[in-house]
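Line order of the protein sequences matches chains A and B. Residues in the first sequence are numbered from 4 upward in steps of one, following this note's numbering. Residues in the second sequence are numbered from 23 upward in steps of one, following this note's numbering. Cβ atoms here follow ideal geometry from the backbone N, Cα and C, with glycine treated the same way. Since the structure is predicted, the reported quantities are computational estimates derived from the model, not experimental observations.
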Amino acid sequence: EAQVTQNPRYLITVTGKKLTVTCSQNMNHEYMSWYRQDPGLGLRQIYYSMNVEVTDKGDVPEGYKVSRKEKRNFPLILESPSPNQTSLYFCASSFRVPTSGRAKNTGELFFGEGSRLTVL
Amino acid sequence: SQQGEEDPQALSIQEGENATMNCSYKTSINNLQWYRQNSGRGLVHLILIRSNEREKHSGRLRVTLDTSKKSSSLLITASRAADTASYFCATDLYSGGSNYKLTFGKGTLLTVNP
């Protein structure tokens with residue numbers, strides 16, 4: 004079954020304790036991305052990756068790191084979590100980035116089920 | 023920065039009625055997508071409309087795009103209680119190399135009452 008798998012789904016941690024949220028997709032997608040969702044703010048992009056070893060900052064990258072050593076995995080690392088990183092996190096992947104107009108491939112994102120993180 | 027903005031923020035209708043949600047955006051785009059999210063779950067892609075398309079249909083969904091007004095609408099016809107969810111528009115802009123941005127609006131919460 005085609006899917007994006009995130010772990011853990013729920014986590015309560017304390018300030019400063021490093022943690023990693025894993026993300027894996029089995030669809031051979033080049034593009035992967037992390038979002039956080041907060042009430043009243045919608046989804047905001049943290050980091051994205053166009054392909055292996057290619058990553059770039061989104062709108063809210065502060066306090067996060069990512070790596071893309073393999074095509075299927077895109078972990079999100081919080082080196083020193085703080086309470087303002089309490090949020091619902093989503094990983095997403097896409098087969099290919101479409102170019103303007105004539106591309107046949109869609110940029111449809113496939114989302115994981117989310118990881119609810121609480122930092123005390 | 024938020025690119026798309028949905029309107030209204032919340033919409034409550036009766037089963038069988040049509041629901042219309044709007045999305046406005048600020049800059050030129052390549053494509054616009056609509057997603058659905060059931061409470062606390064991952065988003066699910068509904069439909070993508072390209073910048074050179076004006077209207078697209080998928081089942082009970084109809085999406086329009088007006089690039090001159092930088093706006094899109096999502097129409098759900100003959101709504102059902104199961105359509106209750108948040109709906110998001112997402113705009114993407116690819117300017118070559120690794121410069122690709124896909125940004126979401128804050129969403130419209132649709133409640134369909136039985």
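Neighbour list for F114 (chain A) in chain B, Cβ cutoff strictly below 9 Å: Counting from 1 along the first sequence, the entry for residue 114 (chain A) is found at position 111. Y57, Q59, R63, G64, L65, V66 and H67, listed in chain order.
Sequence-distant residues of the same chain with beta carbon closer than 6 Å to V17 (chain A), five excluded per side: Numbered from 1 along the first sequence, position 14 holds the residue referred to as residue 17 (chain A). These residues qualify, in order along the chain: L123.
Straight-line Cα distance separating T89 (chain A) from K20 (chain A): Along the first sequence, one-based indexing puts residue 20 (chain A) at 17. Along the first sequence, one-based indexing puts residue 89 (chain A) at 86. In a straight line, the C-alpha of K20 (chain A) is about 13 Å away from that of T89 (chain A).
H79 (chain B): first and last residue of the uninterrupted beta strand (DSSP E) it sits in: For the purposes of this step, residue 79 (chain B) is identified with residue 57 of the second sequence, where counting begins at 1. First-last of the beta strand (DSSP E) with H79 (chain B): E77 to S80.
Y92 (chain A) versus Q9 (chain A) - alpha carbon distance: Numbered from 1 along the first sequence, position 89 holds the residue referred to as residue 92 (chain A). Numbered from 1 along the first sequence, position 6 holds the residue referred to as residue 9 (chain A). Distance between the alpha carbons of Y92 (chain A) and Q9 (chain A) is about 9 Å.
Residue span of the beta strand (DSSP E) that contains H67 (chain B), given as start and end: One-based indexing of the second sequence puts residue 67 (chain B) at position 45. V66 to R72 is the span of the beta strand (DSSP E), which, as asked, contains H67 (chain B).
Proximity test, Cβ basis, 8 Å: L120 (chain A) and chain B: Position 117 of the first sequence, counting from 1, holds the residue named residue 120 (chain A). With 8 Å as the cut-off, L120 (chain A) does not count as an interface residue toward chain B.
Cutoff 8 Å: F98 (chain A) Cβ touching any chain B Cβ: Within the first sequence, residue 98 (chain A) is the residue found at index 95, counting from 1. No, no contact with chain B.
Complete runs of the beta strand (DSSP E) confined to the stretch 20 to 70 of chain A [at least 3 residues]: 22 to 28, 34 to 41, 45 to 54 and 57 to 60
DSSP state of R105 (chain A) mapped onto helix, strand, coil: Here residue 105 (chain A) refers to the residue found at position 102 when the first sequence is read from its first residue. In this prediction, R105 (chain A) scores a pLDDT of 43, lower than 50, which makes its location untrustworthy; the coordinate-derived value is nonetheless stated afterwards. Note: R105 (chain A) maps to coil in three-state DSSP.
E4 (chain A) - partner residues in DSSP beta bridges: What you label residue 4 (chain A) is simply residue 1 of the first sequence in a count that begins at 1. Beta-bridge pairing links E4 (chain A) to no other residue.
Rounded straight-line distance, which links the Cα of V63 (chain A) to that of Y47 (chain B): The residue labelled residue 47 (chain B) in the question sits at position 25 within the second sequence. The residue labelled residue 63 (chain A) in the question sits at position 60 within the first sequence. Taking the straight line joining both Cα atoms gives about 19 Å.
Stretch-stretch touch, CB-based, cutoff 8 Å, three pairs: the stretch 78 to 89 of chain B with the stretch 20 to 31 of chain A: no
A104 (chain B) (DSSP reduced to helix, strand or coil): On the second sequence, position 82 is the one that residue 104 (chain B) refers to. Three-state result, A104 (chain B): helix.
DSSP-derived helix/strand/coil call for Q24 (chain B): Here residue 24 (chain B) refers to the residue found at position 2 when the second sequence is read from its first residue. Because Q24 (chain B) sits at a pLDDT of 49, beneath the cut-off of 50, its placement in the model cannot be relied upon, and the following sentence gives the value as read from the coordinates. In the structure shown, Q24 (chain B) sits in coil (DSSP, three-state: anything other than H, G, I, E or B).
S93 (chain B) in three-state terms, based on DSSP: In the second sequence, counting from the first residue as 1, residue 93 (chain B) sits at position 71. Strand.
Minimum Cβ-Cβ distance from S23 (chain B) to chain A less than 8 Å: Taking the first residue of the second sequence as position 1, residue 23 (chain B) is located at position 1. With a pLDDT of only 47 at S23 (chain B), under 50, the local geometry of the prediction cannot be trusted, and no value is derived from it.
Three-state class that DSSP yields for Q88 (chain A) in the structure shown: What you label residue 88 (chain A) is simply residue 85 of the first sequence in a count that begins at 1. DSSP places Q88 (chain A) in helix when its eight states are reduced to three.
Classification of D41 (chain A) by the beta-carbon crowding that lies within 10 angstroms, buried from 16 upward: Here residue 41 (chain A) refers to the residue found at position 38 of the first sequence. Classification of D41 (chain A): exposed, given that the 10 Å Cβ count is below 16.
Min CB distance L70 (chain B) to chain A below 8 Å: Residue numbering aside, residue 70 (chain B) sits at position 48 when the second sequence is read from its first letter. It does: the Cβ of L70 (chain B) has a partner Cβ on chain A nearer than 8 Å.
P136 (chain B) beta carbon less than 8 Å from that of E75 (chain B): Along the second sequence, one-based indexing puts residue 75 (chain B) at 53. Along the second sequence, one-based indexing puts residue 136 (chain B) at 114. No, they are not a contact pair.
Residue-chain proximity (F93 (chain A), chain B), Cβ-Cβ < 8 Å: Working through the first sequence from its first residue, we reach residue 93 (chain A) at position 90. So, interface residue.
Alpha carbon of P92 (chain B) to alpha carbon of E28 (chain B), nearest angstrom: Taking the first residue of the second sequence as position 1, residue 92 (chain B) is located at position 70. Taking the first residue of the second sequence as position 1, residue 28 (chain B) is located at position 6. Residue 92 (chain B) is actually Lys in this sequence, not Pro. One C-alpha to the other measures close to 12 Å.
Contact under 8 Å by Cβ, Q48 (chain A) with Y38 (chain A): Numbered from 1 along the first sequence, position 45 holds the residue referred to as residue 48 (chain A). Numbered from 1 along the first sequence, position 35 holds the residue referred to as residue 38 (chain A). Their beta carbons are under 8 Å apart, which means Q48 (chain A) touches Y38 (chain A) by this criterion.
Close Cβ partners of S97 (chain A) (< 6 Å) along its chain, the five nearest in sequence each way excluded: Position 94 of the first sequence, counted from the start, is the residue given in the question as residue 97 (chain A). Closer than 6 Å at the Cβ level, and outside the excluded window around S97 (chain A), lie H32, Y34, G110 and L112.
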